[in-house]
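Residue numbers (the numbering used here): 984 to 1101.
Comments concern the structure below.
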């Protein structure tokens, strides 16, 4: 199985349960591992056979910039479903981190895996 990854992708969205979090956008950090539906790009060296990770990043940033989520868990699930459905990935691991959400802690977050590894 071939997996592409995006590390430390910064996205801005409304996230949280507190009133101020519903008004003030916050920056989150994402790590994505995305299984490819096939390995054609490895043999063909053709971008048309590859998953365009720039397109993945842009799509996620656009979707999240327009939304509000109460929980990181819900946001992570939303991202996973986008990747599985819109990009035809058989499997994805999504890690979402809130930066400096609590004192003396650089990040807090969640990692989820969805889909099937063949």
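In this text, a Cβ means the ideal position worked out from N, Cα and C, and glycines have one as well.
Check, Outcome
"For residue 1153, I'd like the list of residues in its chain whose CB is within less than 8 angstroms of its CB, leaving aside the five on either flank, ordered along the chain.", "With the chain running from 984 to 1101 in the structure shown, residue 1153 is simply not present."
"Cα separation between residue 1065 and residue 1014?", "15 angstroms"
"Within the chosen definition, does the stretch 1051-1064 reach the stretch 1090-1100 through at least 3 CB pairs nearer than 8 angstroms?", "yes"
"Can you name the residues that DSSP bridges to residue 1094?", "1078"
"Identify every run of the alpha helix (DSSP H) within the stretch 1008-1088, keeping only runs that are complete inside it and at least 4 residues long; order them along the chain.", "1023-1027, 1036-1048 and 1055-1069"
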